[in-house]
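The block underneath contains the structure these notes are about, expressed in structure tokens.
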Amino acid sequence: MSVWLKRSCAKVRLGRGLVVAVLAALALTRPAAAQVPHIVQVTVGASHVCALDTTARVWCWGGNNYGQLGDGSLTNRRTPVRVRGISNAVHIAAGYDHTCAVLENGRMSCWGRNTYGQLGDGTLTDRLLPVRVSGMRRVVEVTAGEQNSCARMETGRVFCWGGVWRLQPDTDPVRIAIRDVTGISFGERTACAVRGDGRARCWGYGGWGSLGNGSTEDSSRPVGVRRVSTARQIATSRGHSCAVLETGRVLCWGYNGSGEIGDGTTIRRLTPVRVLGLDNAVQVELGLVHSCAVLDTGHVRCWGSNILGQLGDGTETDRWTSVRASGLSDAVQVSLGRYTTCAVQASGGVQCWGYGGAGALGRGDDYFSLTPVPVLFPDLAAAGEP
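Yeah, the sequence shown ends on 385 if you go by numbering that gives the first Met the number 0, and it's all consecutive.
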């Protein structure tokens with residue numbers, strides 16, 4: 000409980016009838032302000048969302064049909080709940096129906112769907128609570144796709160596990176033939192990585208040109224992406240990929256049926272092309288068929304499919320070039336799912352928009368939103384959280 004002071008004016012007669020105003024401080028009480036988690040990272044799956052706070056705890060909400068919320072149940076949650084057994088996370092990633100976390104000690108835990116071995120615990124058993132990923136140490140980053148998960152190590156090496164396109168599931172991590180990696184991303188059937196020299200390499204499904212090497216052939220080994228030699232971050236999705244360059248420009252390639260490449264067309268691109276009008280991006284992320292970038296101004300710009308309002312511009316109109324998400328000017332990170340988009344604000348809040356089924360917007364309902372709306376985190380003090 001906090002105390003605040005209200006000033007009132009009391010009339011007092013002094014001397015020769017002089018009336019003066021004397022300020023009297025009256026101590027009144029009001030309930031303490033809500034203490035909500037301060038979020039530093041958000042990650043969006045197919046119908047669920049998870050967030051990492053400054054105390055290394057993880058919160059999740061939305062669809063929970065495989066236990067991907069990590070609260071020990073299969074119940075959808077329309078507002079955030081804490082993941083049980085995780086109190087020392089440093090990085091998180093949501094796949095379609097599973098979630099993974101890198102821990103402070105460099106180990107990893109995953110939970111949710113495990114049909115293809117994407118939890119990395121050596122089984123194909125779904126998990127309602129976090130389980131340890133076999134053999135993973137000194138992990139610094141995790142990425143998760145539809146059926147897969149990958150980890151980047153301190154050494155710059157990459158290990159992946161789960162369903163690999165056209166191959167039998169790998170229930171234990173296997174090493175990828177690439178070194179000196181500084182960033183990774185796994186989409187539906189394609190993975191990409193940035194190396195220390197700024198060059199990008201991709202592997203997996205290439206049918207839409209999503210490997211960026213001018214071909215539509217698949218590759219089980221990483222191949223070089225053309226025209227990308229100064230990348231600082233990369234993202235992949237179902238059929239397209241994008242990279243942020245050191246200049247702040249964004250290049251994209253692959254499938255473009257809804258304008259998700261952002262070049263003003265719907266023409267498939269086998270090699271990277273520039274996203275029009277973006278010169279100051281600090282991060283790019285991809286949904287199923289839409290894309291968004293965080294700018295150095297704190298604004299978020301999105302493009303591609305807008306069938307459920309996932310671009311956040313107040314319409315349901317597809318955009319072949321980027322439009323600004325309404326009302327956001329302090330974004331520091333963005334994450335995209337199939338049709339849901341969420342952004343972390345500098346204040347530690349989270350705003351989401353687009354598809355809200357199963358409670359994916361964290362508002363306590365199943366409604367969709369064409370513009371960003373704040374996620375309703377619980378009051379920690381009222382809930383007895385430390």
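All residues carry an ideal CB built from backbone N, CA and C; glycine is no exception. Only a predicted model underlies this, so the values are computations on that prediction, with no experimental measurement involved.
Self-check item: The beta strand (DSSP E) enclosing E140, as first and last residue numbers
Solution: Element bounds for E140: V138 to A143.
Quiz prompt | Proximal residues to S236 (C-beta, below 6 Å), its chain only, five neighbours per side dropped | solution = Hits under 6 Å: G186 and L285.
Quiz item: Whose CA, out of G197, G205 and H239, lies closest to the CA of P232?
Solution: This sequence places Gln at residue 232; Pro is not what is there. Considering only alpha carbons, the answer is G197.
Exercise. Can you say whether P373 is buried or exposed, counting buried as having 16 or more other CB atoms within 10 angstroms of its CB?
Key: Counting Cβ neighbours within 10 Å, P373 comes out exposed, since fewer than 16 surround it.
Exercise. Locate the beta strand (DSSP E) running through N147, then write down its first and last residues.
Key: N147 to M152 is the span of the beta strand (DSSP E), which, as asked, contains N147.
Self-check item: Rounded separation between S328 and V343 - CA only
Solution: When rounded, the distance between both Cα atoms is 11 Å.
Exercise. Determine the direct distance from the alpha carbon of A345 to that of Q332, and round the result to whole angstroms.
Key: CA-CA distance, Q332 to A345, rounds to 9 Å.
Exercise. Tell me whether the beta-carbon of S257 lies closer than 8 Å to the beta-carbon of G303.
Key: Yes, the Cβ-Cβ distance between S257 and G303 is below 8 Å.
Practice problem: Would you decide whether I183 is buried or exposed? Buried here means 16 or more other CB atoms lie within 10 Å of its CB. | Solution: Within 10 angstroms of the beta-carbon of I183 lie 16 or more other beta-carbons, which makes it buried.
Self-check item: Same chain, Cβ closer than 6 Å to V193, neighbours up to 5 away in sequence not counted
Solution: Cβ neighbours of V193 beyond the five flanking positions: T181, G182, A199, A230 and I233.
Self-check item: Simplified DSSP assignment, three categories, for L277
Solution: L277: coil per DSSP, three-state reduction.
Exercise. May I ask which residues mark the beginning and end of the beta strand (DSSP E) holding M107?
Key: Per DSSP, M107 belongs to the beta strand (DSSP E) from M107 to G111.
Quiz prompt | Given N305 as reference, the closest of L73, V299 and R318 once Cα atoms are compared | solution = Just measuring C-alpha positions, the residue of L73, V299 and R318 sitting nearest N305 is R318.
Quiz item: Taking DSSP as the reference, what is the three-state secondary structure of G356?
Solution: The answer is helix: DSSP assigns G356 an H, G or I state.
Practice problem: Tell whether a beta-carbon distance below 8 Å holds between Q350 and P377. | Solution: No, these two residues do not count as a Cβ contact at 8 Å.
Quiz item: If you draw a straight line from the alpha carbon of R83 to that of R137, how long is it in whole angstroms?
Solution: R83 and R137 have their C-alpha atoms spaced approximately 23 Å apart.
Self-check item: C-beta contact flag for D262 and N279 at 8 Å
Solution: Taking a C-beta distance under 8 Å as the contact criterion, D262 and N279 do not qualify as a contact pair.
Practice problem: Look at the alpha carbon of W202 and the alpha carbon of R156, and state the distance between them as a whole number of angstroms. | Solution: Near 15 Å, if we compare the C-alpha coordinates of R156 and W202.
Quiz item: Using DSSP with H/G/I as helix, E/B as strand and the rest coil, what is A381?
Solution: It is helical.
Practice problem: Classify F367 as helix, strand or coil using the three-state DSSP reduction. | Solution: Judged by DSSP in its simplified three-state form, F367 adopts coil rather than helix or strand.
Exercise. Out of V35, D70, H47 and G61, point me to the one whose CA is closest to T53's CA.
Key: Per the Cα distances, V35.
Exercise. Report buried or exposed for E216, applying the criterion of at least 16 other Cβ atoms within 10 angstroms of its Cβ.
Key: Counting other Cβ atoms within 10 Å of its Cβ, E216 stays below 16 and is therefore classed as exposed.
Quiz item: Does any CB atom of chain C fall closer than 8 Å to the CB of C351?
Solution: Absent from the structure is chain C; it holds one protein chain and no more.
Exercise. Return the Cβ separation of L73 and N63 in integer angstroms, given the expectation that the two are a contact with Cβ distance under 8 Å.
Key: Sure, about 6 Å apart at Cβ, within 8 Å.
Quiz item: In the structure shown, what three-state DSSP assignment does V89 receive?
Solution: Three-state DSSP puts V89 in a strand.
Quiz prompt | Rounded C-alpha distance that separates G355 from I177 | solution = Their backbone Cα atoms lie some 38 Å apart in a straight line.
Quiz item: Where does A190 land, buried or exposed, given buried means 16+ other C-beta within 10 angstroms?
Solution: Buried, by the Cβ-count rule.
Practice problem: Counting only runs of 3+ residues fully inside the segment 237-316, write out the beta strand (DSSP E) ranges in chain order. | Solution: Runs found: 239-244, 249-253, 268-273, 280-285, 289-294 and 299-303.
Practice problem: Report, in whole angstroms, the separation of the C-beta atoms of G311 and A324, which I expect to be a contact under 8 Å. | Solution: With a Cβ gap of about 3 Å, G311 and A324 count as contacting.
Quiz item: Excluding sequence positions up to five away, which residues of its chain have a Cβ less than 8 Å from the Cβ of L123?
Solution: Excluding sequence neighbours, L123 sits near N113, T114, Y115, G116, P168 and T170.
Quiz item: Going by beta carbon distance, what residues of the same chain come within less than 8 Å of G213, once the five residues before and after it are set aside?
Solution: Hits under 8 Å: R225, L269 and T270.
Quiz item: Within 10 angstroms of its Cβ, does A100 collect 16 or more other Cβ (buried), or is it exposed?
Solution: Result: buried.
Practice problem: Starting from the Cα of V288, find the closest Cα among V281, G276, G297 and C301 and give me that residue. | Solution: For V288, the closest alpha carbon among the candidates V281, G276, G297 and C301 is that of C301.
Quiz prompt | Sub-8 Å separation of R55 and G336 beta-carbons | solution = The amino acid occupying residue 55 in the given sequence is Ala; Arg does not appear at that position. In this structure, G336 does not lie closer than 8 Å to A55 by Cβ.
Exercise. Give a yes or no on whether the C-beta atoms belonging to L118 and H97 are separated by under 8 Å.
Key: Contact: yes.
Practice problem: Could you give the DSSP three-state label for T124: helix, strand or coil? | Solution: In the three-state reduction of the DSSP assignment, T124 falls in the coil class, being assigned neither a helical nor a strand state.
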